[in-house]
Amino acid sequence: IRVLADDGSICWQVGNHVAGGEVFPLDILLYPLFKRHGLALRNRIVWHFEHGLHCARRFSGRHETILWFTRPDYVFRLDPVRVPQKYPGKRHYKGPRAGQFSCHPLGKNPGDVWVIPNVKHNHVEKTLHPCQFPVELVERLVLALTDRGDLVLDPYMGVGSTAVAAVRHDRRTVGAETDPHYVRIARTRVRAAARGRLRTRPLGRPIYTPSARHAVARRPEAPTITGAPG
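For the sequence shown, position 47 matches number 47 in our numbering, and the numbering has no gaps at all.
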């Protein structure tokens with residue numbers, strides 16, 4: 001917080017603590033801490049993903065949260081992160097703008113529920129880090145909350161997903177990490193991103209849904225057993 005710019009933001013990603021089958025949402029602990037330092041919560045962003053552990057005694061957890069805190073004079077750039085409208089051809093029915101398109105030409109506000117795949121074994125970005133952030137999750141924050149040339153700090157850098165997003169969009173970046181293996185991976189990824197050679201999942205790509213004709217979308221029929229047992 002001491003190094004946060006007057007127009008800066010803090011984005012804190014957090015999940016739940018689960019013990020004995022009971023869930024404790026950790027973000028309720030963080031809110032008063034940031035408020036104590038004079039920051040305002042602008043959004044509690046829900047990051048939804050499809051894959052994870054399957055629970056038998058409660059609903060399977062499929063989201064984590066990102067708390068977005070700011071100082072009063074904060075940056076927010078909506079246009080770079082707009083998403084396609086559901087009905088882009090919709091027009092005003094009546095009034096002074098009757099007949100004109102009612103949607104913003106660049107798309108709509110993405111809202112505060114973001115459906116972005118988490119990085120599992122078959123993800124294009126997968127490294128040895130067990131809890132790796134997808135780059136597109138950070139890209140949306142970098143594009144909306146900073147300007148070109150701004151400094152993006154990640155005090156828990158891991159394998160450098162935040163740094164990759166920053167470098168890709170012409171931001172300066174600083175990261176801290178204690179694990180030397182992760183540091184080496186982060187350096188390799190950032191250098192590749194700077195040269196435009198790092199493969200990542202594109203920002204805004206629709207979630208893949210197999211067609212009904214695809215083998216994985218159909219449950220095979222049980223084999224038919226004929227004749228009496230021998």
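No residue lacks a Cβ here, since even glycine has one placed at the ideal position from N, Cα and C.
Pull up the DSSP beta-bridge partners for E22, would you. According to DSSP, which records beta bridges pairwise, E22 is partnered with A19.
Which residue wins for smallest C-alpha separation from E22, given the options R77, S60, A144? Taking the Cα of E22 as reference, the smallest distance to any Cα among R77, S60, A144 is reached at S60.
Looking only at C-alpha atoms, which of H169, Q100, D6, V81 sits nearest to W114? Out of H169, Q100, D6, V81, V81 has the C-alpha closest to the C-alpha of W114.
Would L145 and V46 qualify as a contact pair, given that the criterion is a beta-carbon distance under 8 angstroms? The answer is no: Cβ separation not under 8 angstroms.
For the candidate residues H48, F69, G175, whose alpha-carbon lies nearest to that of R62? Of the candidates H48, F69, G175, the one whose C-alpha sits nearest the C-alpha of R62 is H48.
Excluding sequence positions up to five away, which residues of its chain have a Cβ less than 8 angstroms from the Cβ of L78? These residues qualify, in order along the chain: N109, A144.
Kindly indicate which three-state DSSP category S161 falls into: helix, strand or coil? For S161, the three-state secondary structure derived from DSSP is helix.
N- and C-terminal bounds of the alpha helix (DSSP H) containing F101: Careful: F101 lies outside any alpha helix (DSSP H) and carries neither H nor E.
Grouping DSSP H, G and I as helix and E and B as strand, with all else coil, what is E64? Looking at E64 - three-state DSSP - the assignment turns out to be strand.
For G299, I'd like the list of residues in its chain whose CB is within less than 7 angstroms of its CB, leaving aside the five on either flank, ordered along the chain. What the structure shows of the chain is the stretch from 1 to 230, and residue 299 is not part of that stretch, so it cannot be assessed.
Quick check on this structure: which residue in V138, D150, H169 has the alpha carbon closest to the alpha carbon of M157? When C-alpha distances from M157 are compared across V138, D150, H169, the shortest belongs to V138.
Pick out the complete alpha helix (DSSP H) segments inside the stretch 162-225, 4 residues or longer, and give them in chain order. Those alpha helix (DSSP H) runs which fall completely within the stretch 162-225 and span 4+ residues are 180-194.
For P134, count neighbouring Cβ atoms within 10 angstroms of its own Cβ and tell me buried if that reaches 16, exposed if not. Buried, since its Cβ has 16 or more Cβ neighbours within 10 Å.
Below 7 angstroms, is the gap between the Cβ of R71 and the nearest heavy atom of the ligand HEM? Ligands in the displayed structure: none, and consequently the ligand HEM is not present.
What do you reckon, are the CB atoms on R71 and G8 nearer than 8 angstroms? Yes, Cβ-Cβ distance for R71 and G8 is below 8 angstroms.
Note down, in chain order, each residue of its chain lying with its Cβ closer than 6 angstroms to the Cβ of L141, except the 5 sequence neighbours on either side. In its chain, beyond the 5 residues on either side, C11 have a beta carbon closer than 6 angstroms to the beta carbon of L141.
Using DSSP with H/G/I as helix, E/B as strand and the rest coil, what is D154? In the three-state reduction of the DSSP assignment, D154 falls in the strand class, which pools E and B.
By DSSP, does R44 sit in helix, in strand, or in coil? In the structure shown, R44 falls within a strand segment according to DSSP collapsed to helix, strand and coil.
Below 8 angstroms on the Cβ atoms is my guess for H129 versus V159; work out the distance and round it to an integer in Å. 5 angstroms between Cβ atoms; contact.
Which residues share a DSSP beta bridge with Q13? Its beta-bridge partners are I66.
Could you tell me which of V174, S161, L33, G149 sits nearest to P155, measuring between CA atoms? For P155, the closest of V174, S161, L33, G149 by C-alpha to C-alpha distance is V174.
Does the distance from the CB of C103 to the CB of P117 come in under 8 angstroms? Between C103 and P117, the CB-CB gap reaches or exceeds 8 angstroms.
Under the three-state reduction of DSSP, which class applies to K108: helix, strand or coil? In the structure shown, K108 sits in a strand (DSSP, three-state: E or B).
Q132 vs V119 beta-carbon contact at 8 angstroms: The Cβ-Cβ distance between Q132 and V119 falls below 8 angstroms.
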